[in-house]
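**Student:**
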Amino acid sequence: MLLLISPINTQEAREAINGGADIIDVKNPKEGSLGANFPWMIRNIREITPENMQVSATLGDVPYKPGTVSLAAAGAIASGADYIKVGLYGTKNYSEALEVMENVVRTVDEFNSDAIVVASGYADAHRVGAVDPMEIPRVAADSGSDLAMVDTAVKDGKTLFDFMNEEAISKFTEETHNYGLKSALAGSVTQEQMPLLAELGCDVAGIRGAACIGGDRNSGSIHHEAVARLKQMVAGF
927 MLLLISPINT QEAREAINGG ADIIDVKNPK EGSLGANFPW MIRNIREITP ENMQVSATLG
987 DVPYKPGTVS LAAAGAIASG ADYIKVGLYG TKNYSEALEV MENVVRTVDE FNSDAIVVAS
1047 GYADAHRVGA VDPMEIPRVA ADSGSDLAMV DTAVKDGKTL FDFMNEEAIS KFTEETHNYG
1107 LKSALAGSVT QEQMPLLAEL GCDVAGIRGA ACIGGDRNSG SIHHEAVARL KQMVAGF
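All letters in the sequence shown, in the order written, are residues 927 to 1163 by the working numbering.
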């Protein structure tokens, strides 16, 4: 299981790198669960990240606007991102989500065919009117994406497990694997829940809060010691 840590700036990125993160995921919590950061921040973090370590960029909790989202994908690729992560926030169903992701995949293929595309849904999709998270594996597969992910849309202290039980999460990862894709799980996941993610078939664990001082994704900051503890936990999976 790979450890994806989400810094908001170069200082946090250095902490994540020093702590041994596998993927450095540039995001901006001020703009939402999968809030997008600025192109120059992606570029600056790519420049300080070792070549053998991949950099991810979130495009945001995106609207149902395939052209807008595709243009954002092009910007993230041009800024140096290896992973392009799309939060399907404004898509209400499979068809809308598929349309967005098909165009993102086409864009990424034209700019850098080696880049990895992540289609992300939300375990609490019902709270924001987004596409059912159990549709995400099919959306990812049919669009040509590489990973299917589930996160939480509203960051209010509740975790992934408050909205999807172990059976549902296992079904999500199993279906994703049956399509030949990798699965990513996130959503205010705690340090104690890391082994469970692995047991449920997670390939990439997405973390911010648990890697921050005080465990607060908004007011805290990522610290290398917290990242190292998480890395040690996932190293055996």
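Virtual Cβ for every residue (Gly too), placed ideally from N, Cα, C. Bear in mind that the values here come from a model prediction, so they are computed numbers and not experimental data.
Is it buried or exposed for SER1021, if we count other Cβ within 10 angstroms and need 16 for buried?
**Tutor:** Label assigned to SER1021: exposed.
**Student:** Bridge partners of ASP987, per DSSP?
**Tutor:** Bridge partners of ASP987: GLY1013.
**Student:** My output table needs one value for SER982: the three-state DSSP class, helix, strand or coil.
**Tutor:** Note: SER982 maps to strand in three-state DSSP.
**Student:** Return the chain-ordered ranges of every alpha helix (DSSP H) run that is complete within the region 1043-1101 and spans a minimum of 4 residues.
**Tutor:** Listed in chain order, they are 1062-1069.
**Student:** Considering only the alpha carbon of each residue, which of ALA998, ASN944 and GLY993 lies closest to TYR1009?
**Tutor:** When each option's Cα is compared against that of TYR1009, the closest is ALA998.
**Student:** How is ALA999 classed by DSSP in three states: helix, strand or coil?
**Tutor:** Reduced to three states, the DSSP call for ALA999 is helix.
**Student:** So ILE974 and THR936 are in contact, right, with Cβ under 8 Å, and what is the actual spacing, rounded?
**Tutor:** Indeed they touch by this definition, with Cβ atoms about 6 Å apart.
**Student:** Tell me where the beta strand (DSSP E) around GLY945 begins and ends.
**Tutor:** No beta strand (DSSP E) contains GLY945, which is instead part of the alpha helix (DSSP H) from 936-945.
**Student:** Taking a contact to mean a Cβ-Cβ separation below 8 Å, would you say ALA1112 touches ASP1077 in this structure?
**Tutor:** Their beta carbons are under 8 Å apart, which means ALA1112 touches ASP1077 by this criterion.
**Student:** Residues in its own chain within less than 6 Å of VAL1054 by CB, not counting five upstream and five downstream?
**Tutor:** So the list reads ALA1079, once near-sequence residues are dropped.
**Student:** Is the beta carbon of ALA1074 closer than 8 Å to that of ILE1062?
**Tutor:** In contact: ILE1062 and ALA1074 (Cβ atoms closer than 8 Å).
**Student:** Could you pull out every residue in the same chain whose Cβ sits closer than 8 Å to the Cβ of VAL1160, ignoring the five residues on either side in sequence?
**Tutor:** Cβ within range, chain order: MET927, LEU928, LEU929, MET1120, ALA1124 and ALA1131.
**Student:** Just to confirm, are VAL1153 and GLY946 a CB contact at a threshold of 8 Å?
**Tutor:** Yes; because the gap between Cβ atoms is below 8 Å, this pair is in contact.
**Student:** Report the rounded CA-to-CA distance for LEU1122 versus MET1060, giving the unit in angstroms.
**Tutor:** For LEU1122 and MET1060, the distance between alpha carbons rounds to 19 Å.
**Student:** Assuming the contact rule is C-beta atoms closer than 8 Å, VAL981 and VAL952 should be a hit. Round their C-beta distance to whole Å, please.
**Tutor:** About 7 Å; that satisfies the 8 Å criterion.
**Student:** How about ALA983 and ALA1007: do their beta carbons lie closer than 8 Å?
**Tutor:** Yes.
**Student:** Along the beta strand (DSSP E) that carries VAL1115, what are the first and last residues, could you check?
**Tutor:** Looking at the DSSP string, VAL1115 is not in any beta strand (DSSP E), and its letter there is neither H nor E.
**Student:** What span of residues does the alpha helix (DSSP H) with ILE950 cover, start to end?
**Tutor:** Not the alpha helix (DSSP H): ILE950 falls in the beta strand (DSSP E), residues 949-952.
**Student:** For GLY1070, which option in MET967, SER959, LYS1018 and MET1027 has the closest C-alpha, if you only look at C-alpha atoms?
**Tutor:** Comparing Cα-Cα distances from GLY1070 to each of MET967, SER959, LYS1018 and MET1027, the minimum goes to MET1027.
**Student:** Alpha helix (DSSP H) containing ALA1131: first to last residue?
**Tutor:** Segment 1130-1133 is the beta strand (DSSP E) holding ALA1131; no alpha helix (DSSP H) there.
**Student:** Using CA coordinates, which residue listed in MET979, PRO989, ARG1155 and ALA1066 is at the minimum distance from LEU960?
**Tutor:** Taking only the C-alpha atoms, the option nearest LEU960 is PRO989.
**Student:** What residues in its chain sit with their C-beta under 7 Å from that of ASN1038, if we drop five residues either side in the sequence?
**Tutor:** The answer, listed in chain order, is ILE1003.
**Student:** By the three-class DSSP mapping on this structure, what secondary structure does LEU1107 have?
**Tutor:** Of the three classes helix, strand and coil, the one that applies to LEU1107 here is coil, per DSSP.
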